[in-house]
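A.B. asks: Here's a structure for you.
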Amino acid sequence: MRLPSTAHTSRPWRIHEIAGDFQVEDVWALPTPGGPDDLARLVAQFADSSEAASSPVVRLLFAVRWKLGALFGWDKADGGVGARVASVRDRLPADLREGPRGPDLTAVPFTSVYQTHDEWAAESANRTVQVLMHIGWIPDPAAPGGYRGQMTALVKPNGLLGALYMAGIKPFRYLGVYPALLRSIGRRWRETAPGRAA
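Quick note: the sequence shown uses the working numbering, first residue 44, plus one each step.
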C-alpha cells in the first residue's frame, strides 16, 4: 500500500539528519508483519540477490532499464557514487559511521549506508539521479507481531535530465515495478518465516 510522505517525514528517523537535500518520492507499507527485532531479517531478504530477480515483471523492467542506460550512457562509472556525487555515508555522524553498515544489494547497484535497530539505508546514483532507499521498522498494532516494514525512496534528480527521467519512469514504477516487488517481498517474507515447515 502506498503511503503519504508524512508516513516517513513524521517519524524520528536518523535519515533526516543526513538527507535534507533529498525529496521523498515514494513511501510504501511492506507486507512484512513481525516482531520488534525483525528488521535484520528484512534487510537480509533485500540483500539477497534473488529478491529483485524473483518477479518476471521486475526482471523485464530492469532489463529494459539497463539497456536504456547502456544506450544513453546513464550508468557509466563516472556518474555514480564517489564520482559524480559523494557518498551519503560521508555525512554520517560518528555513531552511525562507527555502527553496523549493513549489507550491499547484489541484484541492483545499491550500497549500504548504515543500519540501526529500526532503520537501514542504501544508496545508488547514475547520471540522472541519486537515490536513497530507506527501510524502516515501525510499530503497527494491526500487524501480526505488532510491527512491519516501510520502504521510502528519497531522490535528488540531476538537473533537468533527472527530473525528466523521474517523470518518465513514474508510470512504470507504479504500474509494474512496485506492485510486483511488493508481492515478491510479501511472498518471500511468508515463505521464510521462522518456524515455517520446509
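Where is the CB? At the ideal position from N, CA and C, for every residue including glycine.
Fair warning: this is a prediction, and the values are worked out from it, not measured in the lab.
Under the rule that 16 or more other beta-carbon atoms within 10 Å means buried, what is P76, buried or exposed?
C.D. replies: P76 should be labelled buried.
A.B. asks: DSSP three-state label for R54, please.
C.D. replies: Three-state result, R54: coil.
A.B. asks: For Q66, which residues from the same chain have a beta carbon less than 8 Å from its beta carbon, with the 5 sequence-adjacent residues on both sides left out?
C.D. replies: Closer than 8 Å at Cβ, skipping near neighbours: L197, V198, K199.
A.B. asks: In whole angstroms, what separates the C-alpha of R134 from that of E60?
C.D. replies: Rounded to the nearest angstrom, the two C-alpha atoms are 9 Å apart.
A.B. asks: Suppose the cutoff is 6 Å on Cβ atoms and the five residues either side in sequence are ignored; what does the same chain contact list for I181 look like?
C.D. replies: Result list for I181: Q193, in chain order.
A.B. asks: Between S227 and L203, what straight-line distance do the alpha-carbon atoms span, to the nearest angstrom?
C.D. replies: Rounded to the nearest angstrom, the two C-alpha atoms are 33 Å apart.
A.B. asks: So, is M44 buried or exposed, given that buried needs 16 or more other C-beta atoms within 10 angstroms?
C.D. replies: Counting Cβ neighbours within 10 Å, M44 comes out exposed, since fewer than 16 surround it.
A.B. asks: Please confirm whether any heavy atom of the ligand GDP lies closer than 8 Å to the CB of M209.
C.D. replies: No copy of the ligand GDP occurs in the structure displayed, which carries no ligand at all.
A.B. asks: Classify P187 as helix, strand or coil using the three-state DSSP reduction.
C.D. replies: Correct three-state label for P187: coil.
A.B. asks: By the 10 Å Cβ neighbour count, where 16 or more other Cβ atoms means buried, how is L207 classified, buried or exposed?
C.D. replies: When all chains shown are included, L207 counts as exposed.
A.B. asks: For E141, count neighbouring Cβ atoms within 10 angstroms of its own Cβ and tell me buried if that reaches 16, exposed if not.
C.D. replies: Exposed is the call here.
A.B. asks: Would you mind listing the beta strand (DSSP E) stretches within the stretch 164 to 237 that are 3+ residues and don't spill past its ends, in chain order?
C.D. replies: Listed in chain order, they are 172 to 182, 190 to 200.
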